[in-house]
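Colleague: Starting off with a structure, shown below.
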Amino acid sequence: MYYQTFPSSPLLAPYVRFFWALEGEACEDVPYTHRTMANGCPELVFHYKGRFEEITKQGDTEKSFIIGIQGQSQIFRRFSISENFGIFGAFLYPFAIPKLFGFDTAEINNSFVDWQDLTVIKDSDLCENMMNAKDNLQRASILSLFLEARVKQSNISSPAIFYCINEIIAQKGLTNVQQLAKGCFLSERQFERKFKQFSGFSPKLFSRIARFENVLNYYGKRGLSLTQIAYNAGYYDQSHFIRDFKEFSGHHPSRYFFGEAEGTEWKQ
């Protein structure tokens, strides 16, 4: 399994956290199962080799998109593949969706949007160029040029809310939301409405997901107990930590942090 990240350009940095690539081997006898977990940030994803199938809660399988947007999510999902695969993605800030694609972030909560359904996109060459690129460095360059053009064309801006969303991410979900609302000079109701428009979620739920995302960074730190991990990540007690972790990942944290969880091969 091979995982690599690429920095975004200065123009894209306010909207694209980074680019990433994941490549791996799989076959009928040894399939690979991947699990996406709750995440406050959407991703633009290109499957340039192989195609995953989503495993539904009923145990059925459905073909996933080849190119599209994976929306910010409060749920986990499972995918399987039985052939070698390659994926390239752009990890976006949530407010990049209205900035780059012209619709509210909340419209893609917990969903996958096929590129063909994005009628606002007029570029017919991007997908072909991304699929045929010689390597992932070239894919990063191709996608950067496309997204930079979208940034320059957009007139959507809400700097106060953008700052609040960034602050919750930077503070790993441990931010005083009421103080953020006051700093925007908005009523609590106005703040929540505008925050959801650009992030997809309420400030409270977004903060919970940001804290969960932070706790995932403790993977591989074997010297810490679950209690230590919970307190380090800002959880008030272990039961609260376990409840949130199971809701957002589908795993008990002990299985995840002790290397027994499904879909963590790319982290190793």
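Per numbering that gives the first Met the number 0, the very first residue in the sequence shown carries number 0; after that it's consecutive. Even for Gly, the Cβ is constructed at its ideal location relative to N, Cα and C.
#1: If you drop the 5 nearest sequence neighbours on each side, which residues of the same chain put their C-beta closer than 6 Å to that of I74?
#2: Would you decide whether D116 is buried or exposed? Buried here means 16 or more other CB atoms lie within 10 Å of its CB.
#3: Quick check on the DSSP output: the alpha helix (DSSP H) that includes V150 runs from which residue to which?
#4: On the criterion of 16 or more Cβ atoms from any shown chain inside 10 Å, does S224 qualify as buried, or is it exposed?
#5: Going along the chain, which residues of its own chain have a beta-carbon closer than 7 Å to the beta-carbon of I155, five neighbours each way excluded?
#6: Spatial neighbours of I66 within its chain, please: C-beta separation below 6 Å, excluding the five flanking residues on both sides.
#7: Just the C-alpha distance for C26 and A139, rounded to the nearest angstrom, thanks.
#8: Could you name the residues of the same chain whose beta carbon sits closer than 7 Å to that of Y162, not counting the 5 residues immediately before and after it, in chain order?
#9: Give the DSSP bridge partners of K269, in chain order.
#10: From the DSSP output, in three-state form, read off H251 for me.
#11: Does the segment 74 to 88 come within contact of the segment 28 to 35, defined as at least 3 CB pairs closer than 8 Å?
#12: Under a three-way DSSP split, which group does I155 fall into?
#13: Return the bridge partner residues of K171 from the DSSP annotation.
#14: Tell me whether C126 counts as near the ligand ZN, meaning its Cβ is closer than 7 Å to at least one heavy atom of that ligand.
#15: Out of I168, L43, W265 and Q152, state which residue places its alpha-carbon closest to the alpha-carbon of S206.
#16: Under three-state DSSP, which class holds N109?
#17: To which residues does DSSP link A20 through a beta bridge?
#18: State yes or no: is the beta carbon of I74 nearer than 8 Å to at least one beta carbon in chain B?
#19: Short of 8 Å in beta carbon distance, which residues of its chain neighbour D243, apart from the five on each side in sequence? Order them along the chain.
#20: What is the rounded straight-line gap between the Cα of R77 and the Cα of G258?
#21: How would you write the range of the alpha helix (DSSP H) that V44 sits in, first residue to last?
#22: Report all residues from its chain with a CB closer than 8 Å to the CB of Y47; omit the five preceding and five following residues, and keep chain order.
#23: For the beta strand (DSSP E) holding S79, just list the boundary residues, first then last.
#24: Within its chain, find whatever has a CB closer than 8 Å to the CB of I141; leave out the 5 residues flanking it on each side and keep chain order.
#25: In the structure shown, what three-state DSSP assignment does E27 receive?
#26: Verify whether the separation of the beta carbon atoms of E42 and E53 is less than 8 Å.
Modeller: From the atom records:
#1: N109.
#2: That one is exposed.
#3: N135 to Q152
#4: exposed
#5: P97 and K98
#6: The beta carbon of I66 sits closer than 6 Å to those of F45, W114 and C126, all from its chain and outside the five residues before and after it, given in chain order.
#7: Going by C-alpha positions, C26 is about 28 Å away from A139.
#8: none
#9: What the structure shows of the chain is the stretch from 0 to 267, and residue 269 is not part of that stretch, so it cannot be assessed.
#10: In the three-state reduction of the DSSP assignment, H251 falls in the coil class.
#11: yes
#12: coil
#13: None, per the DSSP bridge assignment.
#14: This structure does not include the ligand ZN; it has no bound ligands of any sort.
#15: Measuring from the Cα of S206, the nearest candidate turns out to be I168.
#16: coil
#17: Q3 and F87
#18: The structure shown contains no chain B; it is built from a single protein chain.
#19: R207, R210, F211 and Y234
#20: 18 Å
#21: Segment E42 to K48 is the beta strand (DSSP E) holding V44; no alpha helix (DSSP H) there.
#22: G85, I86, F87, M129, M130, A132 and R138
#23: R76 to I80
#24: Same-chain partners within the cutoff: L125, N128, M129 and A132.
#25: coil
#26: no
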